[in-house]
Amino acid sequence: MPHIVIALSPGLFRRIAWPRVLRALHAALAEAGLARIGDIKSRVLACDYDLIGDDPLVEQVIATLLTTNPRPAEAERQMATRVLSCLERAVIEIGDTRAQCCVFFHHVPKDRYLRVDIEPVTAGASAAVAPAAPAEPVT
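Quick note, in numbering that gives the first Met the number 0, the sequence shown goes up one by one and the last residue is 138.
1. Beta carbon of methionine 78, beta carbon of leucine 7: below 8 Å?
2. On the DSSP letters alone, give me the boundaries of the alpha helix (DSSP H) that arginine 111 sits inside.
3. Is DSSP giving alanine 6 helix, strand or coil here?
4. Flag this pair as yes or no: are the beta carbons of proline 69 and histidine 106 separated by less than 8 Å?
5. What did DSSP end up calling isoleucine 39 once you bin it into helix, strand or coil?
6. Just curious, the alpha helix (DSSP H) that leucine 195 is in, first and last residue?
7. Which of helix, strand or coil does DSSP assign to threonine 138?
8. Using a 10 Å radius around the Cβ and a threshold of 16 neighbouring Cβ atoms, would you call leucine 56 buried or exposed?
9. Helix, strand or coil for alanine 62? Go by DSSP, reduced to three states.
10. Any chance the region 87-100 sits against the region 25-44, with 3 or more Cβ pairs inside 8 Å?
11. Taking the alpha-carbon of leucine 44 as reference, which of Lys109, Trp17, Phe104 has the nearest alpha-carbon?
12. Along the chain, where does the alpha helix (DSSP H) containing proline 18 start, and where does it finish?
13. I need the DSSP call for cysteine 44, collapsed to helix, strand or coil.
If you want it as C-alpha cells, here you go:
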C-alpha cells in the first residue's frame, strides 16, 4: 500500500489543483503496474512557513513515499520517479515559480505498520472495527 505525503510551501498549496494532480499521480502508478489504484493513499499538507537556504522566494514540494508491500528496489525507484515527475509538472504548469521538488522513498515492513478499518455505525448497531486483511504483494 503506497502512502504519499506531500508537504509544500503555502503559496504552492493554494496555486496547484491538488485533486487533479493526485488523480494523475495515482493513475501514473497504477498504469505502470507499480500499485493497484485502490491501494494508493495520498495527502497534501501546506506548511505554515518554509525556507530553503536563505532565499525566501524559493518554494518547495517534498514528498515522502512509503511502501508497505515488499517490492524490488528498482520498482520503488520507478514509483518515486513517477511521483517526482507528477509534482514537477504541477509546479511547471503554474509558471513563474522557483521551486525545489524531491521525493524520499522508504519501505516500511509489515511488522512496523499497524492499521485498522473502521465501518460507520448505523442506528441500533455498535461500531464495527476489524483488523485489515493482509494485502497481496504487488510487484
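Yeah, the Cβ is synthetic: ideal placement off N, Cα and C, and Gly gets one too. For clarity, every value in this text was computed on a predicted model and none was experimentally measured.
With the structure as the only source:
1. No.
2. In the DSSP assignment, arginine 111 falls outside any alpha helix (DSSP H) and carries neither an H nor an E.
3. If DSSP states are grouped into helix, strand and coil, alanine 6 belongs with the strands.
4. It is a contact, given that the beta carbons lie within the stated cut-off.
5. Coil at isoleucine 39, not helix or strand.
6. This structure gives no information on residue 195, because the portion of the chain shown stretches from 0 to 138.
7. For threonine 138, the pLDDT reaches just 49, beneath the cut-off of 50, and the residue's location in the model is therefore unreliable, although a value from the coordinates is still provided. In this structure, threonine 138 counts as coil in the three-state DSSP scheme.
8. Under the 10 Å beta carbon count, leucine 56 is surrounded by fewer than 16 other beta carbons and is classified as exposed.
9. Note: alanine 62 maps to strand in three-state DSSP.
10. Contact fails: fewer than three Cβ-Cβ distances are below 8 Å.
11. Minimum Cα distance to leucine 44 is reached at Trp17.
12. Following the DSSP letters along the chain, one finds proline 18 inside the alpha helix (DSSP H) bounded by residues 17-30.
13. In the sequence under discussion, the amino acid at residue 44 is leucine, which differs from the cysteine named in the question. In this structure, leucine 44 counts as strand in the three-state DSSP scheme.
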